[in-house]
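Protein chains: 2
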Amino acid sequence: MSQTVDRALSILPLLAQGPADLGQVAERLGVHKSTALRLLRTLHEHGLVYRQQDQRYRLGARLFALAQEAVENLDVREIAHPHLVALNEQCGHTVHLAVYEENEVLYIDKVESRYPVRMYSRVGKPVAITVAAVAKLLLGDLPEPERRAVAERLDYPMYTSRSIPNAAAFLRELATVREQGWATDLGGHEESINCIAAPVRGADGLVVAAMSVSAPNVVVTAEELLTLLPLVRRTADAITREYSGTTHPPR
Amino acid sequence: MSQTVDRALSILPLLAQGPADLGQVAERLGVHKSTALRLLRTLHEHGLVYRQQDQRYRLGARLFALAQEAVENLDVREIAHPHLVALNEQCGHTVHLAVYEENEVLYIDKVESRYPVRMYSRVGKPVAITVAAVAKLLLGDLPEPERRAVAERLDYPMYTSRSIPNAAAFLRELATVREQGWATDLGGHEESINCIAAPVRGADGLVVAAMSVSAPNVVVTAEELLTLLPLVRRTADAITREYSGTTHPPR
DNA sequence: ATGGCCGTTGCACAGGATGCAACGATGACT
DNA sequence: AGTCATCGTTGCATCCTGTGCAACGGCCAT
Chain U
0 MSQTVDRALS ILPLLAQGPA DLGQVAERLG VHKSTALRLL RTLHEHGLVY
50 RQQDQRYRLG ARLFALAQEA VENLDVREIA HPHLVALNEQ CGHTVHLAVY
100 EENEVLYIDK VESRYPVRMY SRVGKPVAIT VAAVAKLLLG DLPEPERRAV
150 AERLDYPMYT SRSIPNAAAF LRELATVREQ GWATDLGGHE ESINCIAAPV
200 RGADGLVVAA MSVSAPNVVV TAEELLTLLP LVRRTADAIT REYSGTTHPP
250 R
Chain P
0 MSQTVDRALS ILPLLAQGPA DLGQVAERLG VHKSTALRLL RTLHEHGLVY
50 RQQDQRYRLG ARLFALAQEA VENLDVREIA HPHLVALNEQ CGHTVHLAVY
100 EENEVLYIDK VESRYPVRMY SRVGKPVAIT VAAVAKLLLG DLPEPERRAV
150 AERLDYPMYT SRSIPNAAAF LRELATVREQ GWATDLGGHE ESINCIAAPV
200 RGADGLVVAA MSVSAPNVVV TAEELLTLLP LVRRTADAIT REYSGTTHPP
250 R
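Sequence lines, in order, name chains U and P.
Going by numbering that gives the first Met the number 0, the residue at position 41 of the first sequence is 40; the numbering climbs one at a time, nothing skipped.
Going by numbering that gives the first Met the number 0, the residue at position 140 of the second sequence is 139; the numbering climbs one at a time, nothing skipped.
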């Protein structure tokens, strides 16, 4: 709603595609060079944009810092982390925590088996929303109309032969997942990788996050992975208990 | 230089500290509520800000996406990555790539020994700039006045007894590093961890990035790690060659 | 040297951002 | 239940500020 800010912010995704010089920015914004210059200067002062030696602009370091701080201030994540680590120690596989936010599902935490250090790999990367087990839980809990609207709007890339092909199949899958309270992705994203996932709920019963355990076929078969389901659900429930007990998201 | 954009962008670090409602944002910006509302709306449209159920605002998902894309478009990183992987395969230790940008040193790539997958752990987190081997190389290459200015401005936390204690010692260390063209951190950040690092230079001979190999004492002693120095330098030089077209002797 | 390209600056104009005041919704307290 | 306080939201008049223009200057290649 604010033209100036709108223009300035439009520069960011533009630069995300790669460095650009003043002229290119001005052209793609449809504004005069001097205008683009002032916008870029302002972005620069805030560290969101960086000017490299060849004078071209690219995204700046502050962006990383902001994203980092943002993810650390998510209280679900804060509460869930120790549980993820504990789960990882028990089963040894990769553990993810994900949330839904305006048409996107993103990982906000991940624990690798060997190195139980925080790592935010793939944070911000669009998750394969039509196939990921966590996405099914998060989208399945949306109110009916929104769920349908989102499903219709999505693309359904066939990562593998077992990927979900279209909105109708996706909505059926969401209904199932919603019903049973857990989800799987059996080779729907990468042929050899399976996931099982369970929801974390807020005090109002709505799903606020989803956690999953992923493992490649070569380590455990899908059947073996499914034996972990009770453990995963117990962990998710433990997070739910701690999260909805302390923090109350009023609606 | 643009007041509106300036105000809008000031909201981001503010929200990075934690969620805030409209009134708080308006107050901390020193503007009217309606103004803050319009700014927040614009930020929201671009996905940089998210409105949670309790109507409070926090940083949005697009921020992660931008940070992610930004790091992937750094061409040094693109070129260096295969070399890092190769180095990792030869020595087995953790390999980092870092750049300097406006008073901060940040890791832009990392290869873990067992899992040679990309992971951006600690991206955006302020690196221990006074002790890290890569920081010494990056800061040591700044022009004299700026180097001094930065050194004076820094804090010198004593992570361990071997941390660099003050600006004078730091500047001496930088001079040494600059001279010899490589750097170490022997237990200066964490008692049991040693690093060795070498610079990647651009076509103009300036250091554009630095790479390091890190290993805990329990795996290899500092002396053993130092035997890898020629290998590390060769790798850095190879990256330099590919990145700039030629190899440049230390200046 | 010369011309073209690009970033930068100062300025006049008007377009858009600002703050005000009033409305409506929600929740707390009596 | 009723009243008040609080907070987000909207429309509008004012004038601040963002805008495009034109001109300057540095840089590189011809």
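Every residue, glycine too, gets a C-beta built ideally from N, C-alpha and C.
Who are Lys109(P)'s beta bridge partners in DSSP?
-> The sequence position of residue 109(P) within the second sequence is 110, counting from 1. His95(P), per the DSSP bridge assignment.
Rounded distance between the beta-carbons of Tyr155(P) and Asn165(P), thought under 8 angstroms | One-based indexing of the second sequence puts residue 165(P) at position 166. One-based indexing of the second sequence puts residue 155(P) at position 156. So it is a contact: roughly 5 angstroms between Cβ atoms.
From Glu223(U), Gly186(U), Ala132(U), residue whose alpha carbon lies closest to that of Ala209(U) = What you label residue 209(U) is simply residue 210 of the first sequence in a count that begins at 1. Among Glu223(U), Gly186(U), Ala132(U), the Cα nearest to that of Ala209(U) is on Ala132(U).
Taking C-alpha atoms, which residue in Pro215(U), Ala202(U), Arg61(U) lies nearest to Gly91(U)?
-> Residue numbering aside, residue 91(U) sits at position 92 when the first sequence is read from its first letter. Comparing Cα positions, the closest option is Pro215(U).
Beta-carbon gap between Ala196(U) and Ser211(U) smaller than 7 angstroms | Mapped onto the first sequence, residue 196(U) falls at position 197. Mapped onto the first sequence, residue 211(U) falls at position 212. Yes, these two residues count as a Cβ contact at 7 angstroms.
Closest by C-alpha distance to Leu225(U), when choosing among Thr239(U), Ala182(U), Val206(U), Val94(U) = Start at 1 with the first residue of the first sequence, and residue 225(U) comes out as number 226. Considering only alpha carbons, the answer is Ala182(U).
Counterpart residues of Asp184(U) in DSSP-defined beta bridges = Along the first sequence, one-based indexing puts residue 184(U) at 185. Its beta-bridge partners are Cys194(U).
Beta-carbon separation (whole angstroms), Leu38(U) vs Val4(P), contact threshold 8 angstroms = Position 39 of the first sequence, counting from 1, holds the residue named residue 38(U). Position 5 of the second sequence, counting from 1, holds the residue named residue 4(P). At roughly 6 angstroms, the Cβ-Cβ gap stays under 8 angstroms, so Leu38(U) and Val4(P) are in contact.
Straight-line Cα distance separating Ala64(U) from Arg113(U) | One-based indexing of the first sequence puts residue 113(U) at position 114. One-based indexing of the first sequence puts residue 64(U) at position 65. Because Arg113(U) carries a pLDDT of 48, less than 50, the predicted location of this residue cannot be relied on, and no value is offered for it.
Please check if any C-beta of chain U sits within less than 7 angstroms of the C-beta of Leu39(P).
-> Residue mapping note: residue 39(P) aligns to position 40 of the second sequence, counting from 1. Output row for Leu39(P): interface = no.
What residues from chain P crowd round Val4(U), counting only those whose CB sits closer than 8 angstroms?
-> As a working mapping, residue 4(U) is identified with position 5 in the first sequence. Neighbours of Val4(U) on chain P, chain order: Thr3, Val4, Ala7, Leu38, Thr41, Leu42.
Go ahead and label Glu143(U) buried or exposed: buried means 16 or more other beta carbons lie within 10 angstroms of its beta carbon, across all protein chains shown.
-> Counting from one through the first sequence, the residue named residue 143(U) turns up at place 144. Exposed, by the Cβ-count rule.
For Gly201(U), which option in Asp140(U), Pro81(U), Gly22(U) has the closest C-alpha, if you only look at C-alpha atoms?
-> Taking the first sequence and counting its residues from 1, the one referred to as residue 201(U) is at position 202. Residue Asp140(U) is the option with its Cα nearest to Gly201(U).
Considering only residues of the same chain and omitting the five flanking positions on each side of Val255(P), which have a CB-CB separation below 8 angstroms?
-> Because chain P spans 0 through 250 in this model, residue 255(P) falls outside it and cannot be assessed.
Over the uninterrupted beta strand (DSSP E) stretch that includes Ser211(U), give me the two end residues.
-> Translated into the one-based positions of the first sequence, residue 211(U) becomes position 212. Run containing Ser211(U): 206-215, per the beta strand (DSSP E) assignment.
Leu47(P) vs Lys32(P) beta-carbon contact at 7 angstroms | As a first step, residue 47(P) must be located in the second sequence, where it is residue number 48. As a first step, residue 32(P) must be located in the second sequence, where it is residue number 33. It is not a contact, given that the beta carbons lie outside the stated cut-off.
Going by the beta-carbon positions, is the gap between Ala268(U) and Ile238(U) smaller than 7 angstroms?
-> Since the first residue of chain U shown is 0 and the last is 250, residue 268(U) is not available in this structure.
Got a sec, what are the start and stop residues for the alpha helix (DSSP H) Leu58(U) sits in?
-> Your numbering for residue 58(U) matches position 59 in the first sequence. That residue, Leu58(U), is in no alpha helix (DSSP H); its beta strand (DSSP E) goes 56-58.
Should Leu8(U) and His45(P) be called a contact, given that it needs their Cβ atoms to be closer than 7 angstroms?
-> Reading the first sequence from its first residue, position 9 is the one you call residue 8(U). Reading the second sequence from its first residue, position 46 is the one you call residue 45(P). In contact: Leu8(U) and His45(P) (Cβ atoms closer than 7 angstroms).
Name, going along the chain, the residues of the segment 184-209 of chain U whose beta-carbon falls closer than 7 angstroms to a beta-carbon of chain P.
-> none
Tell me whether Glu222(P) counts as near the ligand ATP, meaning its Cβ is closer than 6 angstroms to at least one heavy atom of that ligand.
-> For the structure depicted, the ligand ATP is absent and the ligand set is empty, with no information on it obtainable.
Any beta-carbon of chain P closer than 7 angstroms to the one on Met0(U)?
-> Walking along the first sequence from the start, residue 0(U) turns up at place 1. It does; some Cβ of chain P falls within 7 angstroms.
Exposed or buried, which one is Gly186(U) when buried takes at least 16 other CB atoms within 10 Å?
-> Translated into the one-based positions of the first sequence, residue 186(U) becomes position 187. Per the 10 Å Cβ criterion, buried.
Mind checking Glu151(U): buried by the 16 CB within 10 Å criterion, or exposed?
-> Working through the first sequence from its first residue, we reach residue 151(U) at position 152. Classification of Glu151(U): exposed, given that the 10 Å Cβ count is below 16.
Could you tell me which of Val130(U), Glu88(U), Glu111(U) sits nearest to His95(U), measuring between CA atoms?
-> Walking along the first sequence from the start, residue 95(U) turns up at place 96. Nearest option by C-alpha distance: Glu111(U).
Since His45(U) meets chain P, which of its residues come closer than 7 angstroms, beta carbon to beta carbon?
-> The residue given as residue 45(U) occupies position 46 in the first sequence. What His45(U) touches in chain P: Leu8.
Residues bridged to Ala19(P) (per DSSP) = Working through the second sequence from its first residue, we reach residue 19(P) at position 20. Per DSSP, Tyr56(P).
Helix, strand or coil: which one does DSSP assign to Val130(P)?
-> Against the second sequence, residue 130(P) aligns to sequence position 131. Val130(P) falls in the coil class under three-state DSSP.
Cα-Cα separation, Asn193(U) to Ser213(U) | Stepping through the first sequence from its first residue, residue 193(U) is reached at position 194. Stepping through the first sequence from its first residue, residue 213(U) is reached at position 214. When rounded, the distance between both Cα atoms is 6 angstroms.
From what residue to what residue does the beta strand (DSSP E) around Val48(U) run?
-> Residue numbering aside, residue 48(U) sits at position 49 when the first sequence is read from its first letter. Start and end: 48-50.
Check the DSSP bridge columns for Arg152(P) and list the partner residues they point to.
-> Here residue 152(P) is taken as the residue at index 153 of the second sequence, counted from 1. In DSSP, Arg152(P) forms no bridge with anything.
May I have the straight-line CA-CA distance separating Thr93(P) from Glu145(U), to the nearest angstrom?
-> The count along the second sequence starts at 1 and reaches residue 93(P) at position 94. The count along the first sequence starts at 1 and reaches residue 145(U) at position 146. Taking the straight line from one Cα to the other gives about 45 angstroms.
Could you tell me which of Ala69(P), Glu100(P), Val75(P), Gly59(P) sits nearest to Ile107(U), measuring between CA atoms?
-> Looking up residue 107(U) in the first sequence gives position 108. Checking every option, the nearest Cα to that of Ile107(U) belongs to Gly59(P).
Distance, Cα to Cα, Leu205(P) vs Ile10(U)?
-> As a working note, residue 205(P) is residue 206 in the second sequence. As a working note, residue 10(U) is residue 11 in the first sequence. Looking at the two C-alpha atoms, the distance is approximately 28 angstroms.
At least one CB of chain U closer than 7 angstroms to the CB of Leu83(P): is that the case?
-> Mapped onto the second sequence, residue 83(P) falls at position 84. It does not; no Cβ of chain U falls within 7 angstroms.
When the Cα of Gln23(U) is compared with those of Leu136(U), Arg57(U), Ile163(U), which residue comes out closest?
-> Locating residue 23(U) in the first sequence gives position 24, where the first residue counts as 1. With distances taken between Cα atoms, Gln23(U) lies closest to Arg57(U).
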